[in-house]
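S.K.: Here the sequence shown stands for residues 7 to 482, where the numbers follow my numbering. Before we start, here is the structure in question, set down as structure tokens.
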Amino acid sequence: MELNSPKIAKKYFQSEVKEKIIGIGVTAFNRVGLENIISQYEIFSLKKTYDDPAIREKIKLNILEELKEVDYQKSKKNSTTIIENPVFKKYLATQDQSAALLFYKISGKIEKICRENNWLMVANSVLYGKKSFEDKVFFRGVLKEADLEAIPGGVRNLSGLNYDDIKKDLGERFVVQLPHLGGGKGTFFINSKKDLENFYQKNVVKECPYSKVVVTKYISGPSPSIVGCVTRAGIMHAGLQYQVLSIPTLYDSSVGSGLFCGHDWSDLRFSKKAQKQAERMVQKLGRHLQKNKYKGIFGIDLIHDEETDTLYPVEVNPRLTGAYPVLNMIQESRGQVPLQSFHILEFLGKDYNVDIDKYNQQSFEKSSGAHLVFHNLDLQEKMITKDFSGGLHSQKGLSSLASEAYSLKSVENSDDFVIVDNILLSGGILKGHQRMFRTLHGKAVLSDDKKSLKPEILELTNALYQKASQALKPRN
């Protein structure tokens, strides 16, 4: 059967996939989005959240904190803590069928534990990560090998960057990227000589283990991205999406530049030329990864020079990206099989049929939806003194409409939104700059410049942050 709709994909998984697919995540929401395709899908998470009851209505969910098998505040907040836990190991040992573990991102330790226990890891080796494709310096070389145009600039020594010298080559404004940090935490916009001096005072710069950095021209334009998937049949991809970056009401700007705050799939305004550029990039980088034995999902961060209508690749993420799990919801809403389904099938080694050209063409069709990620804007730890209400809300008065909601499907009116991935539960501790929750929207959140929030959305983020702050107090 050809996997050309979610309904057919569900039948395929029911008949052809015997393995138990288990999503592993610090919170359950991060691994949702496959429950309508994989009926036996399960999640193992670490931290309790407000939306767990809603998720549990659709997905079998085990939460270590809820089982009192882990002290969340004292534990490392990562997937390693889950798979090291005796309860998790015992659970897998008692299953009649083999399991495939779906991770967002892995570490060397995760890879070692999975290998020692003979667990199937639905993720590529850590060898594709920070010391290779995720390294910004290494990536410049990858672009050259793949015959793709890089942002004007190049690799320079970290020590002794000279503002006047760089200004002659790239102009008054330029960007410095540390090789090993993603999510904007290693990206710095330099607008003056003083900015460069301040750059050297940052702790991440002082502690940087690398001698080289990437210095490029500053391009004033939106920051789209695209998700690809390396399959045996070819390179598949989702559509272009706008990244929401460095919004002051969502993330403290002192942490870095280009900080990840969400995505917007609505009101995309990419020309046919830009779409073809994106297609060419995802195909070329996908084939390059494939030559290196990579399989499954990868993401490409881009910058759009609107004056020349040129897309430039900024970095590649050889793993699932921050677009998940919402991208699954976006694709399913347009009748498309979520790309993550093929990611799993590749690691299971299953044979399947799909019209890749048709799939990729459909990916550029119009979509609607967005998500925003809220962080603690203070460096100071805080006590959570009461639950912060999640679920479906109305933008008018921030009134709660339904507590048990976690998907874009729940958003029927343009003024409605869903608060999800909500860790603000009474008795907990919120770390400095830690994620608090996300919001899901059925409409555009970015203004016409595709860099700032629409006024009404900015007002909403301010109101939500103020409301969340009422559930917090400084920790003595």
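We put the CB at the ideal spot given by N, CA and C, even for glycine.
Taking the C-alpha atoms as reference points, what is the distance between Tyr110 and Ile196?
M.R.: As a first step, residue 110 is located in the sequence shown; it is residue number 104 there, counting from the start. As a first step, residue 196 is located in the sequence shown; it is residue number 190 there, counting from the start. When rounded, the distance between both Cα atoms is 32 Å.
S.K.: Compute the Euclidean distance between the alpha carbons of Ile350 and Val128, then round it to the nearest angstrom.
M.R.: Position 344 of the sequence shown, counting from 1, holds the residue named residue 350. Position 122 of the sequence shown, counting from 1, holds the residue named residue 128. Ile350 and Val128: Cα-Cα distance of roughly 6 Å.
S.K.: Whose CA, out of Lys16, Leu154, Lys64, Arg62, lies closest to the CA of Leu317?
M.R.: Working through the sequence shown from its first residue, we reach residue 317 at position 311. Looking at the Cα atoms, Leu154 is the closest of the given residues.
S.K.: Starting from the N-terminal side, write out each stretch of the beta strand (DSSP E) that is 3 residues or longer and does not extend beyond the stretch 247-299.
M.R.: Runs found: 247-251, 266-270.
S.K.: Quick check on this structure: which residue in Lys66, Tyr412, Ser51, Ala60 has the alpha carbon closest to the alpha carbon of Ile89?
M.R.: To locate residue 89, count along the sequence shown from 1; it is residue 83. When each option's Cα is compared against that of Ile89, the closest is Ser51.
S.K.: Going by the DSSP bridge assignment, what does Ala106 pair with across the sheet?
M.R.: Here residue 106 refers to the residue found at position 100 when the sequence shown is read from its first residue. Paired residue(s): Ile27, Leu126.
S.K.: So Val93 is in the alpha helix (DSSP H); what residue range does that whole segment cover?
M.R.: Along the sequence shown, one-based indexing puts residue 93 at 87. Start and end: 92-99.
S.K.: Could you give the residue range of the alpha helix (DSSP H) that holds Lys16?
M.R.: Counting from one through the sequence shown, the residue named residue 16 turns up at place 10. Element bounds for Lys16: 12-22.
S.K.: Tell me whether His349 sits in a helix, a strand or coil according to DSSP, three-state version.
M.R.: Start at 1 with the first residue of the sequence shown, and residue 349 comes out as number 343. If DSSP states are grouped into helix, strand and coil, His349 belongs with the helices.
S.K.: What three-state label does DSSP hand Asn382 in the structure shown?
M.R.: Within the sequence shown, the letter at position 376 stands for residue 382. Note: Asn382 maps to coil in three-state DSSP.
S.K.: Using 7 Å as the cut-off, classify the Cβ of Thr33 as near or not near the heavy atoms of the ligand FAD, replying yes or no.
M.R.: With respect to the ligand FAD, the structure offers nothing, as it holds no ligand at all.
S.K.: If we require 3 or more residues per run, which beta strand (DSSP E) segments fall completely within the stretch 299-336?
M.R.: Listed in chain order, the complete beta strand (DSSP E) runs (minimum 3 residues) inside the stretch 299-336 are 302-311, 316-323.
S.K.: Are Gly375 and Leu414 close, meaning C-beta to C-beta below 8 Å?
M.R.: Within the sequence shown, numbered from 1, the residue matching residue 375 stands at position 369. Within the sequence shown, numbered from 1, the residue matching residue 414 stands at position 408. Yes, the Cβ-Cβ distance between Gly375 and Leu414 is below 8 Å.
S.K.: Could you please give the first and the last residue of the uninterrupted alpha helix (DSSP H) stretch that includes Ala469?
M.R.: Mapped onto the sequence shown, residue 469 falls at position 463. Unbroken alpha helix (DSSP H) run through Ala469: 461-475.
S.K.: Buried or exposed: where does Asp58 fall if 16 or more other Cβ atoms within 10 Å of its Cβ makes it buried?
M.R.: Sequence index remark: in the sequence shown, residue 58 carries index 52 (1-based). Buried, by the Cβ-count rule.
S.K.: Leaving out the 5 sequence neighbours to the left and right, which residues in its chain are closer than 8 Å to Lys388 when beta-carbon positions are compared?
M.R.: Locating residue 388 in the sequence shown gives position 382, where the first residue counts as 1. Cβ neighbours of Lys388 beyond the five flanking positions: Asn382, Ile435, Leu436, Leu478, Lys479, Pro480, Arg481.
S.K.: Helix, strand or coil for Asn197 per DSSP?
M.R.: By 1-based counting over the sequence shown, the position of residue 197 is 191. Three-state result, Asn197: coil.
S.K.: Nearest to Asp102 by CA position, among Lys24, Gly234, Leu149, is which residue?
M.R.: Here the question's residue 102 lines up with position 96 in the sequence shown. Ranking Lys24, Gly234, Leu149 by Cα distance to Asp102 puts Lys24 first.
S.K.: Below 8 Å between beta carbons: does that hold for Val210 and Leu187?
M.R.: The count along the sequence shown starts at 1 and reaches residue 210 at position 204. The count along the sequence shown starts at 1 and reaches residue 187 at position 181. Yes; because the gap between Cβ atoms is below 8 Å, this pair is in contact.
S.K.: Pick out whichever of Pro331, Arg325, Leu274 has its Cα sitting closest to the Cα of Tyr134.
M.R.: Locating residue 134 in the sequence shown gives position 128, where the first residue counts as 1. The option with the nearest alpha carbon to Tyr134 is Arg325.
S.K.: Per DSSP, which one or two residues make a beta bridge with His447?
M.R.: For the purposes of this step, residue 447 is taken as residue 441 along the sequence shown, with counting starting at 1. For His447, which the question treats as bridged, DSSP gives the partners Ala376, Phe423.
S.K.: Please confirm if the stretch 229-245 is in contact with the stretch 336-356, defined as three or more CB-CB distances below 8 Å between the two stretches.
M.R.: Yes, the stretch 229-245 is in contact with the stretch 336-356.
S.K.: Assign Lys457 to one of three DSSP states: helix, strand, or coil.
M.R.: For the purposes of this step, residue 457 is taken as residue 451 along the sequence shown, with counting starting at 1. In this structure, Lys457 counts as coil in the three-state DSSP scheme.
S.K.: Assign Tyr248 to buried or exposed, taking buried as 16 or more other Cβ atoms, counted over all protein chains shown, within 10 Å of its Cβ.
M.R.: In the sequence shown, the residue the question calls residue 248 occupies position 242. Buried.
S.K.: Given that a residue counts as buried once 16 or more other Cβ atoms are within 10 Å of its Cβ, and exposed if not, what is Arg121?
M.R.: To locate residue 121, count along the sequence shown from 1; it is residue 115. Per the 10 Å Cβ criterion, exposed.
S.K.: I'd like to know whether the C-beta atoms of Ser229 and Gly192 end up nearer to each other than 8 Å.
M.R.: Against the sequence shown, residue 229 aligns to sequence position 223. Against the sequence shown, residue 192 aligns to sequence position 186. Their beta carbons are not under 8 Å apart, which means Ser229 does not touch Gly192 by this criterion.
S.K.: Quick one: measure Cβ to Cβ for Ala152 and His294, integer angstroms, because I've assumed they're closer than 8 Å.
M.R.: Counting from one through the sequence shown, the residue named residue 152 turns up at place 146. Counting from one through the sequence shown, the residue named residue 294 turns up at place 288. About 5 Å separates the two Cβ atoms, so the contact holds.
S.K.: Put Ile89 into one of helix, strand or coil per three-state DSSP.
M.R.: For the purposes of this step, residue 89 is identified with residue 83 of the sequence shown, where counting begins at 1. The answer is helix: DSSP assigns Ile89 an H, G or I state.
S.K.: So Leu291 and Val322 are supposed to be a Cβ contact under 8 Å. How far apart are they, rounded?
M.R.: Along the sequence shown, one-based indexing puts residue 291 at 285. Along the sequence shown, one-based indexing puts residue 322 at 316. With 8 Å as the limit, Leu291 and Val322 qualify as a contact, their Cβ atoms being about 6 Å apart.
S.K.: Alpha carbon to alpha carbon, how far is Asp421 from Thr467? Give it in angstroms, no decimals.
M.R.: Against the sequence shown, residue 467 aligns to sequence position 461. Against the sequence shown, residue 421 aligns to sequence position 415. Whole-angstrom Cα-Cα distance: 14 Å.
S.K.: What did DSSP end up calling Asn209 once you bin it into helix, strand or coil?
M.R.: For this step, residue 209 is matched to residue 203 along the sequence shown. It is helical.
S.K.: Among residues of its own chain, excluding the 5 on either side of Leu202, which ones have a beta-carbon nearer than 7 Å to its beta-carbon?
M.R.: Indexing the sequence shown from 1 puts residue 202 at position 196. Excluding sequence neighbours, Leu202 sits near Leu167, Tyr169, Ile196.
S.K.: Tell whether a beta-carbon distance below 8 Å holds between Ser369 and His243.
M.R.: For the purposes of this step, residue 369 is identified with residue 363 of the sequence shown, where counting begins at 1. For the purposes of this step, residue 243 is identified with residue 237 of the sequence shown, where counting begins at 1. Yes, the Cβ-Cβ distance between Ser369 and His243 is below 8 Å.
S.K.: Just to check my reading of the structure: Asn42 and Glu338 have Cβ atoms closer than 8 Å, yes? What is that Cβ distance to the nearest angstrom?
M.R.: Counted from its first residue, the sequence shown places residue 42 at position 36. Counted from its first residue, the sequence shown places residue 338 at position 332. Contact holds; Cβ gap of about 6 Å.
S.K.: Taking contact to mean at least 3 C-beta pairs separated by less than 8 Å, is the stretch 269-283 in contact with the stretch 450-465?
M.R.: Yes: at least three Cβ pairs fall under 8 Å.
S.K.: So what does Glu8 bridge to, in DSSP terms?
M.R.: Stepping through the sequence shown from its first residue, residue 8 is reached at position 2. DSSP, once it has assigned bridges, lists Asn359 as partnering Glu8.
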